[in-house]
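Under the working numbering, the sequence shown is numbered contiguously, ending at residue 972.
The beta carbon of each residue, even a glycine, is placed where N, CA and C say it ideally should be.
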Amino acid sequence: MKKLSFLLLGVFFAHILSAQNYQLWYDKPAQKWTDALPLGNGRIGAMVFANPSQERIQFNEETLWTGEPREYNRKDAYQYLGQIRQLLQEGKQKEAEALAEKQFMGLKSNEGKRETWIADMLALKGISGNPSQINFDDSSWKTMTVPSYEGWEAVGYEGLDGAVWFRTTIDIPEGWENQTLVLDLNRIRDYDYTYINGKLIGSSQHTEGRKYQIPANTLHVGKNLIAIQVLNFSDKGGIAGYKDTSRHIGIYPVGQEDKKISLNGQWKYFIQSDEAPAVGKYQADYQPFGDLYINLLHGKEYQNYRRSLNLATAESQTEYSVDNVVFKREYLVSQPHQVLAVRLSANKAHQINLESFLTSPHKNYSFKSLGNNTWGLSVKVRNGGLFGKAYLQIQQKNGSVEEQAGKIVIKGADEVVFYLTAATNFINYQNISGNPQKRCEEVFSKLKGISYEQIRKAHQAEYQKYYKRFAIELGQDAKSHLPTDVRLANFGKDNDPSFAALYVQYGRYLLISASRAGTQPSNLQGIWNDLLAPPWGSKYTTNINAEMNYWPTGVLNLIPTQQPLIQMITDLYKAGQTTAKNYYNARGWVVHHNTDLWRGTAPINASNHGIWVSGAGWLSQHLWEHYQYTQDKEFLRKTAYPIMKSASEFFVDFLVKDPKTGWLISTPSNSPEQGGLVAGPSMDHQIIRELYKNTIKASQILGIDYAFADTLSQQYKQIAPNQIGKHGQLQEWLQDLDDPQNNHRHVSHLWGVHPGHDIGWDIDSTMMKAARQSLIYRGDEGTGWSLAWKINFWARFHEGEHALQLVKMLLRPATSAGGSYLNLFDAHPPFQIDGNFGGAAGIAEMLIQSQTDIIELLPALPKDWSEGKVKGIQARGGYILNYAWKNGKIKELSITSKESTTCKIRINQVVHTLKLQSNKPYLIEF
Ligand code: FUC
């Protein structure tokens, strides 16, 4: 090793930044939402479909959710804690869960009057005649495709909850009249009243498994009428049939399913009511806002199509030609100017002719002109207190703008720029008295006299403040001439390391776009959501997903994007104190397995997985990590420590002594999200140990609270330790219950390997081996986020080839198993953004680790990545590193420390001790 001159190294790394031109690009427009390209400024999110004749930009404003500030906690839940614990200790899990379900869950939002509404629907309110009867005239009814597994949402009825009648006919063949027949409808959401030839033959309130025996003499040879009244209260509705769409719904003689006459097809339908009574919900859902449509009035045939997203500039672009005119669209969402901007231009004058309008999936919306080339979209969510406004303004060069039949019509323009902003009445989780109109007006008043180019420049400068902190190259960039969907399809078989580098930068891009200072944290879908009933409410799941979203922040040099998470933790620290008191009569704060915009902290969903007590412990780790990477003592003193201390106080009060082992255990709780309600899941103990360890260290650094730190040290030693079970595995539970066949997506008991550091090669290699064995039993397959987590585990085991195998599984085209959609959004499936962030962080974990007191360079490098460079990668302790490697060996390295210190670093298998001066790069060549 020799020291290198700064100049040389500068030259060496200079090109890595300039050469970085990571783009997602395609040679065809988006068909599906998950083909569209995402843009965002942390607050406004946009999905660009880029169809030549009809541009659709679906957009979000991150504070539009259902719900409103309300009480989420049961006041007296604590009274039942002792009984629940006792039942668990006696091995009566089901009884404990039943009691907890009744007395220990959070409070739901108000229910509507379901009985009255059902009675009205059954009495045929809102309908003339009786659709169940043969002689009913349905000639004016429309048709719908039946079944639709994803609900009538999937066939054009987004947001519909209510009562819908369906009618169809079936021809019964000769010989079936005397047989017992089965009507197989399988899944209907939620209730059905099913009639054949006017006679009620079945009704069920269970979603799954409808198979009705048809009474004799109900059907006759020839044409028969089937009429079904479906009542749906929330989420997906209608006749859903089978998930395996090759299985049809239909009728068959008992025992002869192979003779089934299919009922799949177009059915007549009529919406009797779209006002289903509200369903009580534990937590709220993130909502879509609206869609900007721009219909281009040019020929339909196009050539030379290309749409792209440039990660270095956070801009999307579409180009194509129609009748020898080249059309171009540029799109960005600006943080400094708080607008989505779309510029349309052409290479010939007067070519832009279009119609445009805003629309929304919310039932309650309106779109109207506000004068001065400005239009407004108003939306109001159905279940809750939030409403929003989006303002659209148009600037054009030449041509004319007018409004015709509710559409903006532009003729003969050379160039058109659309500016869109949006806001809601949300101020914070306790206050919804904001004025969205005023917020939109303020944004637009700041656009006066400013050109698109100025907005673009300011946008790039602001975005690049974050993006350019880090750069990466893996191998040669040999495949970027291929469209992204082709690279995705080939990644598993090709050696395309540069695609993994692009994926890292895409993860950083998504995080910057979803999480800027002053905004809400990235939720399950970042800020991108087109559904009124998104999967898992598109909220914050704290038993892995919310945390995974922020794994890249330290190592990939995006600390500023953590601010929204830190703000949410600060809110939860307040909200969670009430829950700690009401449920556990404990000091401190607690968060169970989910939270939402309203900072719900009480248990939700069901007692078998909703009562998981370690959310605050895990979230507190992010505060400590923030300090680790920044060495910001003010942050530690003012923000992190009080919250960490309070989280620790909760566990000091909450942990109980297990009468059998004498250890301190966490009870009641759960090992997410399996095994039911238990006493003492390993994950909890790992999280609590880590929390205590970090809180003790923080108190030492700050020189405060020694007595409290001492209490934590005493308890630390008594917490149930990690244990190795009979299969050589790390036990997931206090008892040796693990099933080696269990391939559940959660791998919670390995929390101590990653993201925690309760288990490690440096701590106890026997325990590390047991953890590795558990991961082998669990298998590689999993949902998107599970694959991403496993990259991180294999990196921590120092097994680069296995980690790469998981990278390849995450970067495979989405199927019913986890992977990636065409726009490289992570597929759980469905879309869930955590895998993008966990995957990017996992790749970083293969290139650097710093959870021990030695920084490890290239700890899990696979052979295919034998050459590469990183610039601006971070290590705990306040270090920023640039390094390059060839043949798997570090060649050049520069390391800068925030403080003057001595640092240990493993380079090419050798540990070096470096004396560093604050902010002075230390340069080495090998
Ligand atoms: C947990 C996971 C699911 C999903 C959901 C958002 O419930 O078990 O897989 O990620 O969160």
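Got a sec, what are the start and stop residues for the alpha helix (DSSP H) ALA92 sits in? Segment 90–94 is the beta strand (DSSP E) holding ALA92; no alpha helix (DSSP H) there.
Given a cut-off of 7 Å, decide if ALA360 and SER465 are closer than it, judged by their beta-carbon atoms. For clarity, residue 465 is Tyr in the given sequence; the question names Ser instead. No, the Cβ-Cβ distance between TYR465 and ALA360 is not below 7 Å.
Secondary structure, alpha helix (DSSP H): runs of 4+ residues fully inside the stretch 558–598: 591–594
Is any heavy atom in the ligand FUC found nearer than 6 Å to the beta carbon of ASN789? no
In whole angstroms, what separates the C-alpha of LYS511 from that of GLY600? Going by C-alpha positions, LYS511 is about 16 Å away from GLY600.
With C-beta atoms as the reference, is LEU38 less than 7 Å away from ALA817? This structure leaves residue 38 out entirely; the chain is present only between 47 and 972.
Please tell me whether GLY538 and LYS854 are closer than 7 Å, where the distance is taken between their beta carbons. yes
Own chain partners of LEU133 with C-beta closer than 8 Å, once the 5 adjacent residues on each side are dropped: GLN139, GLU141, ALA142, LEU145
Measure the CB-CB distance between TRP670 and HIS638 and report whether it falls below 7 Å. no
Backbone secondary structure at TRP835 - three-state DSSP: helix
Determine the direct distance from the alpha carbon of LYS282 to that of GLU11, and round the result to whole angstroms. Given a span of 47 to 972 for the chain in the structure shown, any question on residue 11 remains unanswerable.
Return the bridge partner residues of ILE894 from the DSSP annotation. LEU903
In this structure, how does DSSP classify LEU939 when only helix, strand and coil are distinguished? DSSP places LEU939 in strand when its eight states are reduced to three.
Take every Cβ of the stretch 287–300, pair it with every Cβ of the stretch 214–226, and state whether three or more of those distances are shorter than 8 Å. Verdict: yes, contact present.
Beta-carbon proximity list for SER249, same chain, < 8 Å, skipping 5 on both sides: Same-chain partners within the cutoff: TYR237, ASP238, TYR239, THR240.
With a cut-off of 8 Å on the beta carbons, I'd call LYS346 and SER99 a contact; round off their distance for me. 6 Å
Which residues mark the beginning and the end of the alpha helix (DSSP H) in which ARG235 is found? No alpha helix (DSSP H) contains ARG235, which is instead part of the beta strand (DSSP E) from 227–235.
Taking the alpha carbon of MET594 as the point to measure from, which residue in GLN878, PRO908, GLU101 has its own alpha carbon closest? GLN878
Starting from ALA517, follow the beta strand (DSSP E) in both directions and report where the run begins and ends. 517–520
Could you compute how far the alpha carbon of ASP73 sits from the alpha carbon of THR80? 16 Å
How many angstroms separate the CA atom of ILE340 from the CA atom of GLY452? Straight-line Cα distance between these residues: approximately 13 Å.
Please indicate yes or no: does the CB of TRP582 lie closer than 6 Å to some heavy atom of the ligand FUC? Distances taken from the Cβ of TRP582 to the heavy atoms of the ligand FUC include one shorter than 6 Å.
Going by DSSP in three states, ASN640 sits in which element: helix, strand or coil? strand
Give the DSSP-derived three-state secondary structure of SER402 in the structure shown. In the structure shown, SER402 sits in a strand (DSSP, three-state: E or B).
With the cut-off set at 7 Å, would you say ALA560 and PRO382 are in Cβ contact? no
Can you confirm whether TRP779, when its beta carbon is compared against all beta carbons of chain D, has any partner nearer than 7 Å? Given the protein chain composition of this structure (a single chain), no chain D is represented.
My output table needs one value for HIS958: the three-state DSSP class, helix, strand or coil. In the displayed model, HIS958 falls within a strand according to three-state DSSP.
Counting only runs of 4+ residues fully inside the stretch 828–879, write out the alpha helix (DSSP H) ranges in chain order. 830–842, 846–856
Through-space distance from TYR332 to SER319, alpha-carbon basis: 24 Å
Are the beta-carbon atoms belonging to GLY205 and LEU578 less than 7 Å from one another? yes
Return the bridge partner residues of CYS949 from the DSSP annotation. LEU960
Simplified DSSP assignment, three categories, for LEU110: coil
The ligand FUC heavy atoms versus the CB of GLU508: any closer than 6 Å? no
Is THR467 near the ligand FUC, in the sense that its beta carbon is under 6 Å from a heavy atom of that ligand? no
Would you give the residue range spanned by the beta strand (DSSP E) that PHE182 belongs to? That residue, PHE182, is in no beta strand (DSSP E); it is neither H nor E in DSSP.
DSSP beta-bridge partners of GLY336: PHE105
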